[in-house]
Each structure stands twice: as structure tokens, then as C-alpha cells.
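Q: Each residue of the sequence shown is one higher than the last, beginning at 97 in our numbering.
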Amino acid sequence: MAEAAPTNTSGGIGAILAAGDRDFLVRNTGEQVKISSIEASTVALYFSASWCPPCRRFTPKLIEAYKELTSQGKSFEVVFVSGDQDEEAFNAYFAKMPWLAVPFSDSEGREGLDGRFKVSGIPHLVILDAKTGEVYTKDGVEFVSEYGVEAYPFTPERINELKEQEKAAKDNQTIQSVLGTSTRNYLISNKGDKVPISDLEGKYVGVCFVVDGYGPVDEFTAVLAKIYEKLKEVGEKFEVVAVSLDNDESSFNESFAKMPWLAIPQGDKMCEKLVRYFELRSLPTLVLIGPDGKTLNTNVADTIEEHGFEAWEGFPFSAEKLEILVEKAKAKAASQTLESLLISGNLDFVIGKDAEKVPVSKLVGKTVLLYFSAKWCGPCRAFLPTLVKEYDKIKEKNSDFEIIFISSDRDQSSFDEFFSEMPWLALPLEDERKAFLKKTFRIRGIPSLVAIGPTGQTVSRDAKAQLMIHGADAFPFTEERLEELQKKLDEMAKGWPEKLKHELHEEHELVLQRRGTYGCDGCEEMGSTWSYSVGGVVCWFSFYFVNLFLKVESCMLVLILDPHLISVLKHSEDLHPHFTCVLEALRAPGLSVILQVKISSIEASAVALYFSASWCQPCRRFTPKLVEVYEELTSQDKSLEVVFVSRDRDEESFNAYFAKMPWLAVPLSDSECLQRLIKRYKVNGIPNVVILSGETGEICTKLEGVKFINEYGLGASPFTLERFNELKEQEKAAMDNQTIHSVLGTPIRDYLISSTGEKVPISELEGKYVALLFMVRPIDEFTTVLTKIYEKLKGVGEKFEVVAVYFNNDESVFNESFASMPWLAIPHGDKMCDKLVRYFELKTLPTLVLIGPDGKTLNNNIADVIEEHGSEAWEGFPFNAEKLEIFVEKSKAKAASQTLESLLVKDDSNFVIGKDGAKVPVSELVGKTVILYFSAKWCPPCRDFLPALVKQYNKIKEKNSDDFEIIFISIDRDPSSYDEFFSDMPWLALPFGDERKELLMKRFKVRMIPSLVAIGPSGLTLTTDAKPHLLAHGAAAFPFTEETLQELEKKLDEEAMAWPGKVKHELHDEGHELVLTRRDTFTYTCDGCEGLGSSWSYRCDRCDFDLHPQCALGKDKSGGATDEAPAGYACEGDSYIQTCTKDHERAR
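Quick look at the structure:
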């Protein structure tokens, strides 16, 4: 590190970092470092936490920059300021960091830094001048992410210098500087060819940013492909280069295969650089580069979206050409009529409540609102009552007005149910005009209202905002009408005081200000034009003027304790929807304003504790389901209350997330209560719902509340074990009386669909073998094999059919994949799809359930048979016991002939590689016990597991150096991640991208990582799941044979004979004895150290409480793995799981 004067704790960074008597920081080794000894001239305060996914993504980037800067002798230091919730989590996270930290025990010091630098979100990086304490920047995360080490020393001058360099680069831009790097001067085609960037010189180049599976991008690229081919056809010098923003290589490959143009290789860092370089704001984006390499247009996507295929006529999209397209668009808009929008072929009608056809001609001359909405959409359901109310008001005075519902619902029953609440007209659910209208008006979100005037021309594309702000007065939604309303408000405002004080905001005066749209902090509704507000660092408070002057006497607001606790005691029913104050919690941005409810006033017979957090993606997916169930139950006067127990880190996140919930919450400020509830109900993962009796407080059921609600929804009420058993009995009875119609049909749908859109009666499948194929995304390899089997069985005259059960929310993905399948499907979005997931207890994908000719289930999953035997599996049809036994014998014979060479040698690929890239022949590993380690750097559980695996590997190698090896098989998405992860491993690996990886994953059916497969000295498989053995027994599990594991279990059983049969323990203060119990399941989780255990535990059945014997007895039990591992949350499917916390790693 460069020479610099040591820091004095009396000023500069010393004064900032010292707290009370503490004049030191710590390293992850526990070493204390005097603050005064810090020699760096630039110091970064890194506010971060292990539970925060964005932090975990950013930390490796910061480590990389830190190591590079310090290796260059740059005077730079980082200080970690933890936001973790316990010391174990802090230690595990800090263990990966090469810099200093504020001790976790100094919570006052950490909170002081949070407050001093106004940290409202993480990750957050504040970079300071160590000598003076001057803040260089609070945007360190952005600068490190964008510029890396080039941003050093992170001063405003350096950032400005980089901005100037970028400007200069743009001024001197060439096609090579935009698309190439110092190590790559080529692009790739979808066939894998490398195309020199120099081939693009002198051409117009469209740089297209893409994300696989994002509907607007998919639609855009489909149109762009047609334009591309047309321009090529007429001889234009035009090329397109895709810039993938996907992290998933398989997603990129799948989407790129359909594109006729070139691409920057997936994972190339230039992709991220171009996002910043072109200041990407939205998708789709198509940047146009001219023949001289200069940028002509930063986004011509809007032009293509507006004009479709005809946009090719505007090439090369110069001002003159664009003007032509603009004039065409104006002419098209001017000629628009209601008939041109709503009539297509024989479709010249809309429908009324009784499905009666109403001719479009009857609507001509009226103002018509096109209402894009759906029942599954929470905001749509919330908006509907307001829209109905305003519709009725407009219709009272203006009969020349109508609304047409254009549904995005996924099934007829949802459409019918939602439409039944509307007093207007609609397009039929499966009407082809829907897609045309969505495209015409570029509908990206719902609910959305487009206003068509009496002449048939578009009056407004955002009538919803106008209706929300002005109510029925917004009619007829013309520009003139809106200007009139604004003028009226301005006139009214002239008589209002410029400043005032209000009981809802006693902290500051409220100032009359002209505004755009905003949210009122009194009634939480939208306002516009004028508000009384106070803006600043302390708070941001806005009050809709009508609440203050026109209607405040009708709505009595009473403060309870302080301005942050408000109860609405009286509410006027006849107020304008945007002028009333709500009965629910009032939450202003940056201001914790909530409805305080006495716990003693809760009258519900059942109370659900909802453990959740805004940062958790599975929580955000589950919350709308819980809201739907809650609102439906309360509307039926069912006795249920929900209490939100937040795992959010800061008040702002809590408030924003809680704003979407119609129930109660434990105050975030009451951290003691939050932690007590988490501990009491042993909440190790979120989302988590614990359902209690409102009378006794006892747990109604030990069943998983999230799973219970996901599976049964409203039907789960009242959420008792009795109700659960009743539902299971109903399902059992349904299975006993199962028919093909009961499995695939509903009361309102007795058909399936073909890939051509035909409706096929379910009755046509009676008497046939029917296979149900569960899918989320296209499972290309499996469906390819199944297609061959399907066609073969059809060819030999077997009565066999396949039905796809698709539970992906993206209809475009369903349509695209289903189009290539020769079988039938349940319609996309049909609720039966979710029901069948539960009915057949879906555990994995692919799953293929076989139904017999009598409608009864023959086999819950024959996918394994097809995966193992490929297209030959058709010979096992109809997959009964006798036929399957033949395959079992084939599998045994294949397994018995397995050798290490048959697994690892393919053509010229007869080697693995060492740390230095040296090739190690597979022949040198023959006769050893070899573990195949499937893992990836992007996978948090893999990163967490690696230190424990390295430790056990070293122990085994100490005693068995010649008889043992591990081979890393990477699932990483780019070579740099592979290299970085492999650098932490002392063993061998398959090269990145090696084709043997796919063969091995298929052979051992690797569905999740990390995964360990143990191969014995003879080349035969010892176990396909060595990971839990290694975690439970450590190095003693070697050589992973059945005999060794049985011996370990026997040893444990002998040791257990000396342990007391019952104990009492302070960790289980309910007063129950813990009983020494032989566990039938292989693993359990210790409620003391939260680590993995096996074989024996001290257990309380009543409370579902377990302790390791060593935790219960206060001594170490031999044979157990006692490695510490990182704490925090890791995403596993539909949960964020606390992977481990104290002495042991949690294995999931």
C-alpha cells in the first residue's frame, strides 16, 4: 500500500469510526486494528448484510476491486458496517471480506454511522477522504459497479474525468470500440460462427438489448426479424447485434437460436458496459449506429413498435425518413374510427351481461372507454368499485358513454365472475381483437383505460389517471376538458392561504405548492395540480387541498399518542373517492404513519402470523395470494386476522411493503417482539405462516401455512388440522372415484385444446392411456424424446394420448412451446393446472403421470424411465410392473458394467484439469474413490457449502492421498465465474463448457446443486447423494460405502446407550422433558445450534423441538461435522431459507 500518514482518531476518518471507548476495528480473524493505524488516504464505508441478495451480488465486485487496488499499491481501505441481525450471520459474511469492520457488538456505533450518512437502503458505499472525513461520494456502489478500479480514488474530479473520457469515447466512437474488447474482435452467429467485427464497418448496425421470456422484447424482436430480412432482401447494408442481459446461458441460447442476426457472446462484460454507455432506460431498446461508427439514434424501438413491419420504409431512420412515418401515423390516427378498432371480419359486435351481442355500430358517436383489466390482478380488483361508481355518475348525465371490458383473464370462469361485477359491455374472452387492441395502444400494464371520442379518434391513452384525479368530471376526457378543470383549480387556489399547520403533520408548516400528480398523506389517494406539502430530508408530506378545506369537517381524525399513530374514527360515505380519508393504515413515504390497534380488540377466532419481507421474491409472489384469501374471507365475515411479522431491515422497506397489506402488523420498531416470535415459532425460512387459535393462542396446525394456503386457498378455512384432514379425505374420495373427466375437466370446461387451437372433447380420451406432462418452461430434451415415443405408439396403434399441464404465467411462452407439440393441453391459465400440481403431489420436473383406460392413476411419474432409457422406453408401454421389471434389469446390467472411463471419457476428451490448467488423464484416477461435485459460483448454497467440503477433503486426503479425489463439474454461466470459483478448490475439474457435463447431469439426474455423487474404486456408483453423508459424518464417511455408513450408525447407537433417556434443557423453557429419540428420517435441524443432525436427537414431540445430543448434553459427539458455515438467507425455489447460523451448516 502507498505511504500515507497514519490516521488520527481526533479528526477525519478516526473521528468518524471511533465510538465511545472503542478506538479499533476488527479483521475477520478476530484481530483488533487501531483506527489510528489506518494508512489509507481513501476509505470506503460499506453498509451491507448477508441476508440482502443485492449485497451478496455486489460484495464480490467490491472484493475484486479492493484486491486489485491494494495489489497495485493504491492507498485504499474498506470498512464493513454490518446490517446483519446476529453475530453468527455477521461472522460468516465478514469471513469472505479482506478488509476491516466495525465490531458487530458495537451496535450503537453501527447505528450512529447509519444515521450520520442517512443510509436508507443497502448495499451502500460511502467513500471518504481519510484525512479530512470529507465525503467524496455516497454513490460508491454505482461507481464501483460501473467503473471498477478505474473510479479510484472515487473523487468527484475522478468521476468527472471518467465521464469526460466516456464523452470523448463517444466522440471518437467506432463500431469496434462499441462492440469489441481488447481480447475479442468478433461477434457470434446463432450457429456458433465467429464473425469479425470488421465485417460490420460501413454498415448500419442496430444494437438490440434482449432478455429472454420478457413479452414486450419477444414481440419486438419478432417484428424486427421481419424488418431485418426485408432490408437484407432489398440490399440495404444493415446488421443487428443482440446484447443479452440474461444471466442464464441456456435462456440466451434458446432465444438467440431464433434470431437471424449476430450477438455479443453471452456473459461478456461488454454487455453490462453497453447498458451504461447507452444509458439504457427501458426495454425493448434498439440503438442505431451509422456506417461511420457513430450513434445515430439511441432508440428506434418506439418507431418500430408504433409502425410495425412498415417501419422498414423509414430506414435508416433519419429525421427526414422519420417525418414520413410521423405523417403516416397522423394520417392513420386521423382516419381511425370505432369500427376500424372493433370490427374484424365477422367480429362486429361486443357482448352484454347475458352474452347478448351488441353491434359495434350502436356505439358509433359515443365516447367509449376501452378497459383493459383482469380478475387475477390485485390493482384491477381494487380499482373496479371506483370505476363502477364513476361510470354510473357519468351515465346519469351522459347516455352517449360506454365502457368495453377487454379481459386479460386466463380462464372463462374468472372472466365471467369479474365481468358479472361490471355494468358495461365486453369483448368475449378469447376474442382475437384483444391482441390487436393491446398492440395498437401498447398496453404494458393493467388496469388501463383508453378513451375513444365520438369521432372514433383516440382522446386519451391514460384516462385512468384522469378519472382517479377528477372523477366523473373528467368526462369526456378531452384535452379541452382537462385544461378547464386545471384552470378551475387554479382559480380556487387563489383564495387559499400560502401556509398552514395541520394536526396530521405537527412537525412543520405545510406550504401551498403547484404539483404534478402525487399521493395524499391524508387519504392516500391521487392528487394533482396543487398540494399542501413540506419536502426535505426529514420527511415528505403532501395533503390534498380538498381534504383540508372542502370536506375536512366530514372526516374526524384523532391523534393517538403522537402524529405517527392515527386512527380514523368517523368516515363520510358520500365523499368524492379521492377526498376521503381511509380506515386502513396511513403510510407516507419516509414517514411511519400507521393505524394503531389494541391487541385486546382482536376478535378473530384464528390469527395467522405472516413472517415475510419485501426483499424476498417468494414472499412477494405469495403475498397477493394471501391478500386474496384474506379479503375473500373477511368479505364473507369469516373470523380471520393476519399479523405481519416483518423481516425487513429498515422502516422504509417495511412501510412500502406493508402498504399493500390489508391486515395488522407488529411494529418494526419492536425488534424484541419480532425476534421472540421468530424464535418461538422456529422460523428459519420465509414466507412462513403460523396459524393460531385467537382464543387460546395455541397453534391450530403444525402444517405449513404457506403450503396450506397455496394448495387450498379459501377452502383451507378455518385452517385447523381437522379441516386439513377433511380436505385430504375429500381428495382421497376423489381419487377413489377418479375418472379422466374429473382429472382434466371442470364444471364449465369439458374439452382440451390442440396446438392448432381446436377444442377436443375430454370424452374422446376415455378408454385410452393418458399421460399428463407437467411443464413450466419447454423441457426440450425430455419432450423431444417423449415426442418420438408418442409418435411410435401412435404408429403401432396404441390407444395413447399426452396432455400438457402448463403452470407458467407467461402465455406467450406457453403458446410458443405448445405450438411444436403433437399432443393436447389444458388451456393456459386454467385453475385446474394448479389443482393437478397438488392432486398429484408434484415434487420434480419433468413429471409424467400415467392414467389408465379406466381413468385411474397407474403411475405417478414415468419420466424417470423415459429419461433413463430414452426413445427405447416405448417398448415398456403401458409401463406396468412386468414391463418395468424388464427395464430394471437393464438398468442393473448397465450399472454393473459402469467404469470411471465410461463416465468420464468421450472421444478425445479423456482428461480432467488441475489448478494450472494441466490435463490429468482419467486413467490416473481409475481405482480411486472419486466424488463428482456439481456446483456453481452463482449458487449461494454452493458458495456456503464449499469451505466445509474443502476442510473434509483435506482431512480425507491426509489419510488417503492416493485413493481419493474430487472433480468439480461447473454449472457456471461464464468462464470468469468458473475460474474464480475453481480457484478456491484444491481438487480437479472438467473444463468449462465440456460436453461431458450434460451427460453426467443426465446420467445421475442432477436436479439441484450443490450435489455430490460418489464413484467407488471399481467405477460403480456408491451413492448419488454423498453430500448429507459428508455433512453428518465428516471425513469419517469415506469411502462412502454402505458398510462404512452402517458402521457409523452402529457406533452412534452404541454411544447412545450411555446417554440419559430424558433431559431438561434451558433452550426449551416450556417445561417439557426432551426424550432421546432414534430418528427415522436421515436428517433433522437442531433447535440449539440450527445445524444438521442425524440418527439421534433429544426431542419434544409436542413442540416439534430437537437438540443434537452434544448440544443437549454439553459435550461433543464424535463423528459429527462441526464446521462453521456462512449465515444468511439463500433462495431455494419458493423460499428464502436461513441456510445456517451457529455451529453447523443447514443443508436443504
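Glycine is no exception: its CB is placed at the ideal position from the N, C-alpha and C atoms.
Tell me where the beta strand (DSSP E) around cysteine 715 begins and ends.
A: Numbered from its first residue, the sequence shown carries residue 715 at position 619. Run containing cysteine 715: none in the beta strand (DSSP E); it sits in the alpha helix (DSSP H), 713 to 731.
Q: How many angstroms separate the CA atom of glycine 841 from the CA atom of methionine 928?
A: Looking up residue 841 in the sequence shown gives position 745. Looking up residue 928 in the sequence shown gives position 832. Each residue's Cα considered, the two are about 8 Å apart.
Q: Out of Val339, Ser1057, Lys157, Ser495, state which residue places its alpha-carbon closest to the alpha-carbon of threonine 381.
A: Reading the sequence shown from its first residue, position 285 is the one you call residue 381. Threonine 381 has its Cα closest to that of Val339, out of Val339, Ser1057, Lys157, Ser495.
Q: Locate the beta strand (DSSP E) running through tyrosine 142, then write down its first and last residues.
A: Indexing the sequence shown from 1 puts residue 142 at position 46. Per DSSP, tyrosine 142 belongs to the beta strand (DSSP E) from 138 to 144.
Q: Would you list the one or two residues that DSSP bridges to phenylalanine 71?
A: Residue numbering for the chain in the displayed model covers 97 to 1244; residue 71 lies beyond these limits and cannot be assessed.
Q: Lysine 449 and serine 510 - do their beta-carbons sit closer together than 7 Å?
A: On the sequence shown, position 414 is the one that residue 510 refers to. On the sequence shown, position 353 is the one that residue 449 refers to. For serine 510 and lysine 449, no; Cβs fall outside 7 Å.
Q: Select from Phe870, Pro918, Ser1079 the residue whose C-alpha is nearest the C-alpha of threonine 940.
A: One-based indexing of the sequence shown puts residue 940 at position 844. Answer by Cα proximity: Phe870.
Q: Do histidine 1204 and cysteine 78 count as a contact pair if the criterion is CB distance below 7 Å?
A: Residue 78 is absent from the model: the chain starts at 97 and stops at 1244.
Q: Please state if the CB of phenylalanine 497 and the CB of threonine 551 are separated by a distance shorter than 7 Å.
A: Along the sequence shown, read from residue 1 onward, the residue named residue 551 stands at position 455. Along the sequence shown, read from residue 1 onward, the residue named residue 497 stands at position 401. No, these two residues do not count as a Cβ contact at 7 Å.
Q: According to DSSP, which residues form a beta bridge with serine 544?
A: In the sequence shown, the residue the question calls residue 544 occupies position 448. Looking at the DSSP assignment, serine 544 forms a beta bridge with Phe468.
Q: Hey, which unbroken runs of the alpha helix (DSSP H) at 4 residues or more fall wholly within the segment 334 to 416?
A: You should have 345 to 352, 365 to 373, 397 to 403.
Q: If contact is defined by three or more beta carbon pairs under 8 Å, each pair taking one atom from either stretch, is the segment 842 to 860 in contact with the segment 889 to 896?
A: No: fewer than three Cβ pairs fall under 8 Å.
Q: Mind reading off the beta-carbon distance from phenylalanine 532 to phenylalanine 515? Whole number of angstroms is fine, and I expect it under 8 Å.
A: Residue 532 sits at position 436 when you count from the first residue of the sequence shown. Residue 515 sits at position 419 when you count from the first residue of the sequence shown. At roughly 20 Å, the Cβ-Cβ gap does not stay under 8 Å, so phenylalanine 532 and phenylalanine 515 are not in contact.
Q: If I measure Cβ to Cβ from arginine 934 and keep anything under 7 Å in the same chain, skipping five residues before and after, which residues do I get?
A: The residue given as residue 934 occupies position 838 in the sequence shown. Counting only Cβ-Cβ distances below 7 Å, and skipping sequence neighbours, we find Glu807.
Q: Using a Cβ distance threshold of 8 Å, determine whether the segment 183 to 201 contacts the segment 131 to 147, with at least three qualifying pairs required.
A: Yes, they touch.
Q: Going by CA-CA distance only, name the one from Leu283, Ile400, Lys299 that's closest to isoleucine 316.
A: Counted from its first residue, the sequence shown places residue 316 at position 220. Correcting the residue type first, residue 316 is phenylalanine in the shown sequence and not isoleucine. Among Leu283, Ile400, Lys299, the Cα nearest to that of phenylalanine 316 belongs to Ile400.
Q: Below 8 Å CB to CB, which residues in the same chain sit around leucine 1141 once its five sequence neighbours on both sides are set aside?
A: For this step, residue 1141 is matched to residue 1045 along the sequence shown. Result list for leucine 1141: His1125, His1129, Ala1133, in chain order.
Q: Write down every uninterrupted run of the beta strand (DSSP E) in the segment 440 to 487 whose length is 3 residues or greater and which is fully enclosed by it, in chain order.
A: With a minimum length of 3 residues, the continuous beta strand (DSSP E) runs that stay inside the segment 440 to 487 are 445 to 447, 453 to 455, 463 to 469.
Q: Excluding the five sequence neighbours on either side, which residues of its own chain have a C-beta within less than 6 Å of the C-beta of proline 1222, listed in chain order?
A: Counted from its first residue, the sequence shown places residue 1222 at position 1126. Bear in mind that a pLDDT of 28 at proline 1222, under 50, signals an unreliable position, so the number given afterwards is only what the model happens to contain. So the list reads Ala188, Asp1040, once near-sequence residues are dropped.
Q: With which residues is phenylalanine 176 paired in a DSSP beta bridge?
A: Start at 1 with the first residue of the sequence shown, and residue 176 comes out as number 80. Tyr142, Ala197, per the DSSP bridge assignment.
Q: Three or more C-beta pairs closer than 8 Å, one from the segment 373 to 388 and one from the segment 288 to 307: is that the case here?
A: Output reads yes: the segment 288 to 307 touches the segment 373 to 388.
Q: Helix, strand or coil: which one does DSSP assign to cysteine 1035?
A: As a first step, residue 1035 must be located in the sequence shown, where it is residue number 939. Coil.
Q: Out of Phe1064, Asp527, Tyr467, which has the shortest C-alpha to C-alpha gap to lysine 1008?
A: Taking the first residue of the sequence shown as position 1, residue 1008 is located at position 912. Looking at the sequence provided, one finds valine at residue 1008 rather than lysine. Of the candidates Phe1064, Asp527, Tyr467, the one whose C-alpha sits nearest the C-alpha of valine 1008 is Phe1064.
Q: Tell me the start and end of each unbroken alpha helix (DSSP H) in the segment 828 to 890 that is at least 4 residues and wholly inside, in chain order.
A: As far as the segment 828 to 890 is concerned, its whole alpha helix (DSSP H) runs of at least 4 residues are 836 to 840.
Q: Under the rule that 16 or more other beta-carbon atoms within 10 Å means buried, what is glutamine 128, buried or exposed?
A: In the sequence shown, the residue the question calls residue 128 occupies position 32. So glutamine 128 ends up on the exposed side.
Q: For the candidate residues Val1022, Thr943, Glu1061, Glu605, whose alpha-carbon lies nearest to that of asparagine 1006?
A: To locate residue 1006, count along the sequence shown from 1; it is residue 910. Checked all of Val1022, Thr943, Glu1061, Glu605; the closest Cα to asparagine 1006 is Val1022.
Q: Could you check what DSSP says for tyrosine 1194 in three-state terms: helix, strand or coil?
A: Locating residue 1194 in the sequence shown gives position 1098, where the first residue counts as 1. It is a strand residue.
Q: May I have the straight-line CA-CA distance separating glycine 110 from serine 171, to the nearest angstrom?
A: Translated into the one-based positions of the sequence shown, residue 110 becomes position 14. Translated into the one-based positions of the sequence shown, residue 171 becomes position 75. Between glycine 110 and serine 171, the C-alpha separation is close to 16 Å.
Q: Would you mind stating whether glycine 948 and isoleucine 836 have Cβ atoms separated by less than 7 Å?
A: Working through the sequence shown from its first residue, we reach residue 948 at position 852. Working through the sequence shown from its first residue, we reach residue 836 at position 740. For glycine 948 and isoleucine 836, no; Cβs fall outside 7 Å.
Q: Which value, in whole angstroms, describes the spacing of the CA atoms of leucine 221 and valine 274?
A: As a first step, residue 221 must be located in the sequence shown, where it is residue number 125. As a first step, residue 274 must be located in the sequence shown, where it is residue number 178. C-alpha separation (whole angstroms): 29 Å.
Q: My understanding is that alanine 977 touches leucine 1116, with C-beta atoms under 8 Å, so please give their C-beta distance in whole angstroms.
A: Counting from 1 along the sequence shown, the entry for residue 977 is found at position 881. Counting from 1 along the sequence shown, the entry for residue 1116 is found at position 1020. Not quite, the Cβ-Cβ distance comes to about 26 Å (not below 8 Å), so this is no contact.
Q: CA-CA distance, threonine 251 and glutamate 160?
A: By one-based count along the sequence shown, residue 251 stands at place 155. By one-based count along the sequence shown, residue 160 stands at place 64. If I take the Cα positions, the gap works out to 20 Å.
Q: For glutamate 164, which of helix, strand or coil comes out of DSSP?
A: Working through the sequence shown from its first residue, we reach residue 164 at position 68. Looking at glutamate 164 - three-state DSSP - the assignment turns out to be helix.
Q: Checking 7 Å against the spacing of the C-beta atoms, do tyrosine 46 and phenylalanine 1060 come in under that value?
A: Outside the modelled stretch of the chain, which goes from 97 to 1244, sits residue 46, for which no answer is possible.
Q: Since alanine 1131 and isoleucine 1052 should fall inside the 8 Å C-beta cutoff, what is the C-beta to C-beta distance between them, to a whole number of angstroms?
A: The residue you call residue 1131 lines up with position 1035 of the sequence shown. The residue you call residue 1052 lines up with position 956 of the sequence shown. Confirmed, Cβ separation roughly 5 Å.
Q: Looking at the structure shown, is glutamate 894 part of a helix, part of a strand, or coil, going by DSSP?
A: In the sequence shown, counting from the first residue as 1, residue 894 sits at position 798. Note: glutamate 894 maps to coil in three-state DSSP.
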